[in-house]
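Note sheet for the following structure.
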Amino acid sequence: MMTATTMDTTRDWELLSEHRSFGGVQRFHRHESTEIGLPMRFALFVPPSGAKGLLVFLAGLTCTEETFTMKAGAQRRAAELGLALLMPDTSPRGEAVTAIPGASDAWDFGLGAGFYLDATQAPWARHWRMESYLMKELIPQVQRALGLDRARTGVFGHSMGGHGALTLALRHPGAFASLSAIAPIAAPSRCPWGEKAFTGYLGADREAWPAHDACALLERQTSVPCPAGVLVDQGLSDKFLAEQLYPEALESACALIGQPLTLRRHEGYDHGYYFIASVVDDHLTHHAQRLGL
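Under the numbering used here, residues 72 to 364 are what the sequence shown spells out, in order.
Pasting the structure below:
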């Protein structure tokens, strides 16, 4: 098992910076992505005793690979549990992206808003391939670098990233051994954020949307997809709760198929990183237990 001090990055990963953190090492990388067709950035924390498991965190709208890494304070508990943390960026970036008309016009679409799917509509289909990038490229590369497999890999995320964690786990059975989310966009087909993203990336034909909607995917399941249970935390002072997030729809969809769900509602908490930092240790513990660490 590789340790934080001896793990070599793969040949194609450019090391941008590294920082000692709780005995482990926090690194920031850039690499050429075949799936995206552009350079992509990601952050990787490796605990001091080596990675016993890998936890992928998917961030929300406007975020980068730095946001959770620097604001959530997850490294302390990850170091204790032996969890490596992988934080990818939320969309393609660079001159080729900003040159696309409309890519930078809104904070909830285009740049910083990849929605963890593969776009089918021009001009987004060329580079907006976040699902394939993660599932076919980045996560397998990191697993190989750490000597881990699917049985020791979990996924969670916040807001748009919570949507990504739920849908990627449901769309790729067996790819992750544990799953959780913080204030996820649970039913994107029903909310303004999701409708905007799906129309732009997938087209106006709503028949294509349920394949990327966590509640719709759950309702289509013929068996319980996550028998070990899913943890979701939601702040009740979240200004996006009523219009964008729909945790009650996720609760109903899970109940319909018997999917174990722990949905914790927190008085006074909003949508931001103070909330994430308040519950992140519980999420890391949830994943560590289900990964057998």
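We treat Cβ as the ideally placed atom computed from N, Cα and C, and that holds for glycine. The model shown is predicted, which means the values in this text are computed figures rather than measured ones.
Task: For H102: DSSP bridge partner residues - done: Sequence index remark: in the sequence shown, residue 102 carries index 31 (1-based). Bridge partners of H102: M111.
Task: Distance, F139 Cα to G121 Cα - done: Looking up residue 121 in the sequence shown gives position 50. Looking up residue 139 in the sequence shown gives position 68. Going from the Cα of G121 to the Cα of F139 covers about 21 Å.
Open item on the list: Considering only the alpha carbon of each residue, which of P263, M201, Q292, S308 lies closest to M111?
Closed with: Counted from its first residue, the sequence shown places residue 111 at position 40. From the listed residues P263, M201, Q292, S308, the smallest Cα separation to M111 is found for M201.
Open item on the list: Can you confirm whether the segment 141 to 151 touches the segment 186 to 196 when touching is taken to mean that 3 or more C-beta pairs between the two stretches lie within less than 8 Å?
Closed with: Under the 8 Å Cβ criterion, the segment 186 to 196 does not count as touching the segment 141 to 151, having fewer than three qualifying pairs.
Open item on the list: Please tell me whether A184 and L132 are closer than 9 Å, where the distance is taken between their beta carbons.
Closed with: As a working mapping, residue 184 is identified with position 113 in the sequence shown. As a working mapping, residue 132 is identified with position 61 in the sequence shown. At a Cβ-Cβ threshold of 9 Å, A184 and L132 count as neighbours.
TODO: Measure the C-alpha to C-alpha separation of Y317 and H229 and round it to an integer number of angstroms.
DONE: Numbered from 1 along the sequence shown, position 246 holds the residue referred to as residue 317. Numbered from 1 along the sequence shown, position 158 holds the residue referred to as residue 229. Straight-line Cα distance between these residues: approximately 14 Å.
- [ ] Give me the Cα-Cα distance between Q305 and I253, rounded to the nearest whole angstrom.
- [x] On the sequence shown, residue 305 is found 234 positions in, with the first residue counted as 1. On the sequence shown, residue 253 is found 182 positions in, with the first residue counted as 1. Rounded to the nearest whole angstrom, the CA to CA distance from Q305 to I253 is 6 Å.
TODO: Could you tell me which of E136, R98, L362, L355 sits nearest to G232, measuring between CA atoms?
DONE: As a first step, residue 232 must be located in the sequence shown, where it is residue number 161. G232 has its Cα closest to that of E136, out of E136, R98, L362, L355.
TODO: Pick out whichever of D352, L302, A348 has its Cα sitting closest to the Cα of R336.
DONE: Stepping through the sequence shown from its first residue, residue 336 is reached at position 265. Out of D352, L302, A348, L302 has the C-alpha closest to the C-alpha of R336.
- [ ] Any chance you could list the beta strand (DSSP E) runs of at least 3 consecutive residues sitting entirely within the segment 260 to 328, in chain order?
- [x] The segment 260 to 328 contains these whole beta strand (DSSP E) runs: 301 to 306.
Task: Continuous beta strand (DSSP E) stretch holding M231: start and end - done: The sequence position of residue 231 within the sequence shown is 160, counting from 1. Counting along the chain, M231 falls outside any beta strand (DSSP E), though it belongs to the alpha helix (DSSP H) covering 231 to 242.
- [ ] Pick out whichever of L205, R91, L125 has its Cα sitting closest to the Cα of L362.
- [x] Counting from one through the sequence shown, the residue named residue 362 turns up at place 291. Per the Cα distances, L125.
Task: Residues that T169 bridges to, as DSSP identifies them - done: If you number the sequence shown from 1, residue 169 lands on position 98. According to DSSP, which records beta bridges pairwise, T169 is partnered with nothing at all.
Open item on the list: Closest to R147 by C-alpha separation, out of M158, P118, F113, would be which residue?
Closed with: Mapped onto the sequence shown, residue 147 falls at position 76. Just measuring C-alpha positions, the residue of M158, P118, F113 sitting nearest R147 is P118.
TODO: With distances taken Cα to Cα, identify the nearest neighbour of V96 among A149, L109, L307.
DONE: On the sequence shown, position 25 is the one that residue 96 refers to. If we check each option's Cα against that of V96, A149 comes out closest.
- [ ] State yes or no: is the C-beta of I26 within less than 9 Å of the C-beta of Q292?
- [x] Missing from the structure shown is residue 26; the chain here goes from 72 to 364 and no further.
Task: A258 beta carbon less than 9 Å from that of A282 - done: Here the question's residue 282 lines up with position 211 in the sequence shown. Here the question's residue 258 lines up with position 187 in the sequence shown. No.
Open item on the list: I'd like the span of the alpha helix (DSSP H) that includes L152, first residue to last.
Closed with: Position 81 of the sequence shown, counting from 1, holds the residue named residue 152. L152 -> alpha helix (DSSP H) spans 146 to 152.
Open item on the list: What does the alpha-carbon distance come out to for the pair E85 and E290?
Closed with: Position 14 of the sequence shown, counting from 1, holds the residue named residue 85. Position 219 of the sequence shown, counting from 1, holds the residue named residue 290. Near 42 Å, if we compare the C-alpha coordinates of E290 and E85.
Open item on the list: So the candidates are H358, P159, L273; which of them puts its Cα closest to the Cα of S249?
Closed with: Locating residue 249 in the sequence shown gives position 178, where the first residue counts as 1. Considering only alpha carbons, the answer is H358.
Task: Supposed close pair L154, Y272 - CB separation, criterion 8 Å - done: If you number the sequence shown from 1, residue 154 lands on position 83. If you number the sequence shown from 1, residue 272 lands on position 201. Incorrect: roughly 31 Å between the Cβ atoms, too far for contact.
- [ ] Would you tell me roughly how many angstroms separate the C-alpha atoms of E266 and A114, rounded to the nearest one?
- [x] For the purposes of this step, residue 266 is identified with residue 195 of the sequence shown, where counting begins at 1. For the purposes of this step, residue 114 is identified with residue 43 of the sequence shown, where counting begins at 1. Cα to Cα, E266 sits roughly 30 Å from A114.
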